[in-house]
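Protein chains: 2
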Amino acid sequence: MARFAIGVDLGGTNLRVAAVDTAGTLLETITTNTAVARGRDSVIDEMCDAIEELRARHGKKQDAIAGIGIGVPGIIDMERGMLRESPNLPGWHDFPVREAIEQRLRTHVVLENDANAAAFGEMWMGAGQGSGSGDLCMVTLGTGVGGGLVLNGKVHHGMTGMAGELGHTTVYPDGHQCKCGNRGCLEEYASATAVKRMALEAVGEGRAPELGRAMGANTEITAQQVYQHWLRGDAAAKGIFDQVGTALGIALAAWINALNLPMYVVGGGVAGAWEAFAPAMMREIAARSFVFKATNDGDARRRTIITRAVLGGEAGLRGSARLAMLQGETTS
Amino acid sequence: MARFAIGVDLGGTNLRVAAVDTAGTLLETITTNTAVARGRDSVIDEMCDAIEELRARHGKKQDAIAGIGIGVPGIIDMERGMLRESPNLPGWHDFPVREAIEQRLRTHVVLENDANAAAFGEMWMGAGQGSGSGDLCMVTLGTGVGGGLVLNGKVHHGMTGMAGELGHTTVYPDGHQCKCGNRGCLEEYASATAVKRMALEAVGEGRAPELGRAMGANTEITAQQVYQHWLRGDAAAKGIFDQVGTALGIALAAWINALNLPMYVVGGGVAGAWEAFAPAMMREIAARSFVFKATNDGDARRRTIITRAVLGGEAGLRGSARLAMLQGETTS
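Top line first, the protein sequences correspond to chains A and B.
321 is the number that the working numbering gives to position 314 of the first sequence; each next residue is one higher, with no gaps.
198 is the number that the working numbering gives to position 191 of the second sequence; each next residue is one higher, with no gaps.
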């Protein structure tokens, strides 16, 4: 019987490949720099080398490995196993990723969007574990804002595998220009990139003397640094995370009203600043979602839960491995 | 083998009860005034009388009837068969509707939210018929704005049966106050009530001389009258339906990005003014949804379709009857 699967999380900066057993334990993880600059073929080589290494080391018996799951950033055409759009992986567009990897490894692989894989991982071993439900919505606040929907225990892919693009929910119709072409997307207010932009704007307009001093001669600041200032009580940093929470709460309220799921999970790097943005987020949800109010007034077993992700960067690894395990079950 | 089911559509002004055969044909429909003012018990009596009449007339053989489905406005606690909120049915709140009807009829019934039933009806015999997909999102523009999601061929109820409350999607965070407590809900811009309000505002501010003349000494105007003015090229009416379409497009773009369904159907009375609001709606969707753009650039078989409902007021009757048929199949 299969004992483990291999999960891959291909990020803009790191490539991680792990052997994950059926209980969800990471048996071994290989981490390398993605080296996107060296090009697509080089990244795929590196990925396949790491997969083969883990397969050789943990899969001595022929039937020990349940499958291989690969989470990649970007919009995946599930039918064709291609990336339709992937701003962080130049040169991968409309390239048959799944086929190329399968040829290299001589086996079937599962290709999945990274945010979907993370949602599935949180469902299995994270915030959703033991919830007794097969439904979860996860929004990932990273460089961009991604999302994943798990419905009835399965990733909801939609017609062409593009479902879960929660970061491009319009929050402010006349708001900041997003690179997707829309204005006022959630991503423009709740991503790490947005936190940086709002900090630079505040400094430029003379509204953030402390952040300005921290920047010094640099013109760069990280979301993490803004959070450090929030921890010290800086008013400008507080204003920025209020904006993050407000935008996220407006969007979450709409999803709660539309989907009435039992759990909404917030993950990604910016979720580390949970205490800084959660009050504004919860205030907006309470004001804007009557489904939230209706579910949280009564029966405690049927509350709408809004919570932090608990697996951090390991959600995607576990989720992609789990997807491979389940696919293995249905095809074997 | 079961030959037909009974579908009920309980609206704020009409009660309709129909015998629907397994091919989707309405065999017979009984329509009465809801007479909500006469009170809950009187409405239930009337409904059960009509059901029994149809049952006697079309179900001579014991096994001819597949079941009874009842669509009601309001939020239904599916587990308990109660209405949690139903602004249009005063006195029905937290009353065990399903149980009361089942005792009267001495048989099992299916209780469903009216917008969900309409979505299910459109899926079966309307806009979604023959689409080859089990997924559809329907938004209903009536006195309020409701919605229903059909996923994998089933109504998506969510945790407590409250899913599909699409009318309370925040479109403008600082917008018009909604009676749900939120500001800027879609319902405040795309319902018949909203069309009336916007018309009265325009007249009050002197921006709509034609509409003002039509009102005369009245202080009332209907959405239908505003549409009549749109047909005559009135600029104020055009501005109002532009607002309807803009708000609807902003909300649809978000659902398309989140759910990536093959079809979104717009129904309800205001959908009769499709040509008046559709251009603004489609403009917003094109500008705001990259999932729409990505699906509609390429393969014609996988386009995101935005379309009018085709069954009109019969969608709910057919949908609730169909739900009863399917429930009958699984329980018998």
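Glycine included, each C-beta is placed from N, C-alpha and C at the ideal position.
Predicted model, so just to flag it, every value in this text is computed and none were measured.
Query raised in the report: Would you report the Cα separation of TYR196/A and ILE257/A, rounded to the nearest angstrom?
Result: Residue 196/A sits at position 189 when you count from the first residue of the first sequence. Residue 257/A sits at position 250 when you count from the first residue of the first sequence. Near 11 Å, if we compare the C-alpha coordinates of ILE257/A and TYR196/A.
Requested in this report: Consult DSSP for HIS236/B and reduce its assignment to one of helix, strand or coil.
Outcome: As a working note, residue 236/B is residue 229 in the second sequence. Looking at HIS236/B - three-state DSSP - the assignment turns out to be helix.
Query raised in the report: Is the Cβ of ALA294/B closer than 8 Å to any Cβ of chain A?
Result: Sequence index remark: in the second sequence, residue 294/B carries index 287 (1-based). It does; some Cβ of chain A falls within 8 Å.
Query raised in the report: Hey, does ILE313/B have any beta-carbon neighbour from chain A nearer than 8 Å?
Result: Walking along the second sequence from the start, residue 313/B turns up at place 306. No, ILE313/B lies away from the interface with chain A (no Cβ there is under 8 Å from its Cβ).
Query raised in the report: Buried or exposed: SER339/A, going by 16 or more other Cβ atoms within 10 Å of its Cβ?
Result: Within the first sequence, numbered from 1, the residue matching residue 339/A stands at position 332. Here the model assigns SER339/A a pLDDT of 43, short of 50, so the residue's position is not dependable, and the following value carries that caveat. With fewer than 16 Cβ atoms within 10 Å of its Cβ, SER339/A is classed as exposed.
Query raised in the report: So is LEU333/B in contact with chain A if we call contact Cβ pairs under 8 Å?
Result: Taking the second sequence and counting its residues from 1, one reaches residue 333/B at position 326. No, its Cβ sits nowhere closer than 8 Å to a Cβ of chain A.
**Report entry** Inter-residue CB distance, ALA122/A and GLY155/A (contact presumed, cutoff 8 Å)
**Finding:** If you number the first sequence from 1, residue 122/A lands on position 115. If you number the first sequence from 1, residue 155/A lands on position 148. Contact flag correct, Cβ pair sits at about 5 Å.
Query raised in the report: Looking at the structure shown, is TYR196/B part of a helix, part of a strand, or coil, going by DSSP?
Result: By 1-based counting over the second sequence, the position of residue 196/B is 189. In the structure shown, TYR196/B sits in a helix (DSSP, three-state: H, G or I).
Report task. Please report how far the alpha carbon of MET130/B lies from the alpha carbon of PHE11/A, in whole angstroms. Result -> Locating residue 130/B in the second sequence gives position 123, where the first residue counts as 1. Locating residue 11/A in the first sequence gives position 4, where the first residue counts as 1. Taking the straight line joining both Cα atoms gives about 41 Å.
Query raised in the report: Where do the ends of the beta strand (DSSP E) carrying ILE257/A lie?
Result: Position 250 of the first sequence, counted from the start, is the residue given in the question as residue 257/A. Element bounds for ILE257/A: not the beta strand (DSSP E) but the alpha helix (DSSP H), 242 to 266.
Query raised in the report: If we count the other Cβ atoms within 10 Å of its Cβ and call it buried at 16 or more, is GLY211/B buried or exposed?
Result: The residue you call residue 211/B lines up with position 204 of the second sequence. With fewer than 16 other Cβ atoms within 10 Å, it is exposed.
Requested in this report: Could you have a look at CYS185/A and say whether DSSP puts it in helix, strand or coil?
Outcome: Position 178 of the first sequence, counted from the start, is the residue given in the question as residue 185/A. In the structure shown, CYS185/A sits in coil (DSSP, three-state: anything other than H, G, I, E or B).
Report task. Determine, using beta carbons only, whether HIS115/A comes closer than 8 Å to chain B. Result -> Position 108 of the first sequence, counted from the first residue, corresponds to residue 115/A. By this cut-off, HIS115/A is not an interface position.
Query raised in the report: In angstroms, rounded to a whole number, what distance separates the CA positions of LEU96/B and GLY19/B?
Result: As a position in the second sequence, residue 96/B is number 89, starting the count at 1. As a position in the second sequence, residue 19/B is number 12, starting the count at 1. Each residue's alpha carbon lies about 7 Å from the other.
Report task. Check the DSSP bridge columns for ILE58/A and list the partner residues they point to. Result -> The residue you call residue 58/A lines up with position 51 of the first sequence. Answer is none; ILE58/A lacks a bridge partner.
Query raised in the report: Since VAL277/B contacts ALA170/B with CB under 8 Å, what's their CB separation in whole angstroms?
Result: As a working note, residue 277/B is residue 270 in the second sequence. As a working note, residue 170/B is residue 163 in the second sequence. In fact, because the Cβ distance is near 22 Å, the residues do not count as touching under 8 Å.
Query - CB contact below 8 Å: CYS187/B versus chain A - result: Counting from one through the second sequence, the residue named residue 187/B turns up at place 180. Yes, its Cβ sits closer than 8 Å to a Cβ of chain A.
**Report entry** Buried or exposed by the 16-neighbour rule on C-beta atoms within 10 Å, applied to LEU238/B
**Finding:** Here residue 238/B corresponds to residue number 231 of the second sequence, with the count starting at 1. LEU238/B should be labelled exposed.
Query - Cβ distance (whole Å) where ASN189/A is taken to contact ALA294/B below 8 Å - result: Within the first sequence, the letter at position 182 stands for residue 189/A. Within the second sequence, the letter at position 287 stands for residue 294/B. Indeed, because the Cβ distance is near 6 Å, the residues count as touching under 8 Å.
Requested in this report: Please list, in chain order, all residues of the same chain as PHE284/A whose beta carbon is under 7 Å from its beta carbon, the five residues on each side excluded.
Outcome: What you label residue 284/A is simply residue 277 of the first sequence in a count that begins at 1. The answer, listed in chain order, is PHE248, VAL251, GLY252 and LEU255.
Query raised in the report: Hey, how far is the Cα of GLY182/B from the Cα of CYS192/B?
Result: Numbered from 1 along the second sequence, position 175 holds the residue referred to as residue 182/B. Numbered from 1 along the second sequence, position 185 holds the residue referred to as residue 192/B. Approximately 8 Å between the Cα atoms of the pair.
Requested in this report: Provide the residue(s) that pair with HIS115/B in DSSP beta bridges, ordered along the chain.
Outcome: By 1-based counting over the second sequence, the position of residue 115/B is 108. Paired residues: none, contrary to the question.
**Report entry** CA nearest to the CA of PHE102/B, picked from ALA331/B, HIS115/B, ILE82/B and ARG62/B
**Finding:** For this step, residue 102/B is matched to residue 95 along the second sequence. Considering only alpha carbons, the answer is ILE82/B.
Query raised in the report: What is the DSSP secondary structure of SER339/B, reduced to helix, strand or coil?
Result: Here the question's residue 339/B lines up with position 332 in the second sequence. Here SER339/B scores only 43 on pLDDT, less than 50, and its place in the model should not be relied on; the value that follows carries that caveat. Note: SER339/B maps to coil in three-state DSSP.
Requested in this report: Tell me whether LEU318/B sits in a helix, a strand or coil according to DSSP, three-state version.
Outcome: Along the second sequence, read from residue 1 onward, the residue named residue 318/B stands at position 311. If DSSP states are grouped into helix, strand and coil, LEU318/B belongs with coil.
**Report entry** C-beta neighbour in chain B for HIS175/A, strict 8 Å
**Finding:** Indexing the first sequence from 1 puts residue 175/A at position 168. Chain B contact via Cβ: present.
Query raised in the report: Do we get a CB-CB distance below 8 Å when we pair ILE83/B with the residues of chain A?
Result: Walking along the second sequence from the start, residue 83/B turns up at place 76. Answer no: the Cβ-Cβ gap between ILE83/B and chain A never drops below 8 Å.
Query raised in the report: If we ignore side chains and look at the alpha-carbon of each, how far apart do GLY14/B and THR176/B end up?
Result: Locating residue 14/B in the second sequence gives position 7, where the first residue counts as 1. Locating residue 176/B in the second sequence gives position 169, where the first residue counts as 1. Approximately 29 Å, taken between the alpha carbons.
Query raised in the report: Measuring CA to CA, which of THR229/B, MET132/B and ASP306/B is closest to ARG329/B?
Result: Counting from one through the second sequence, the residue named residue 329/B turns up at place 322. Out of THR229/B, MET132/B and ASP306/B, MET132/B has the C-alpha closest to the C-alpha of ARG329/B.
Query raised in the report: In the DSSP assignment, what are the bridge partners of THR36/B?
Result: Looking up residue 36/B in the second sequence gives position 29. The partner list for THR36/B (beta bridge, DSSP) reads ALA25/B.
Query raised in the report: In three-state terms, what does DSSP make of GLU86/B?
Result: Reading the second sequence from its first residue, position 79 is the one you call residue 86/B. It is coil, neither helix nor strand.
**Report entry** Beta-carbon neighbours of MET288/B, restricted to chain A and to distances below 8 Å
**Finding:** Numbered from 1 along the second sequence, position 281 holds the residue referred to as residue 288/B. The contacting residues do not exist; MET288/B stays about 13 Å from chain A at best.
Report task. Report the neighbours of ASN264/A on chain B: residues whose CB is nearer than 7 Å to its CB, in chain order. Result -> The residue labelled residue 264/A in the question sits at position 257 within the first sequence. Those are GLU172, HIS175 and THR176, listed as they occur along chain B.
Report task. From the DSSP output, read off the bridge partner residues of ARG190/A. Result -> Within the first sequence, residue 190/A is the residue found at index 183, counting from 1. Answer is GLN184/A, bridged to ARG190/A.
**Report entry** Cβ-based burial, GLU227/B [other Cβ within 10 Å; buried from 16]
**Finding:** Counting from 1 along the second sequence, the entry for residue 227/B is found at position 220. So GLU227/B ends up on the exposed side.
**Report entry** Partners in chain B for GLU92/A, counting only beta-carbon separations shorter than 9 Å
**Finding:** As a working note, residue 92/A is residue 85 in the first sequence. What GLU92/A touches in chain B: PHE297 and ALA301.
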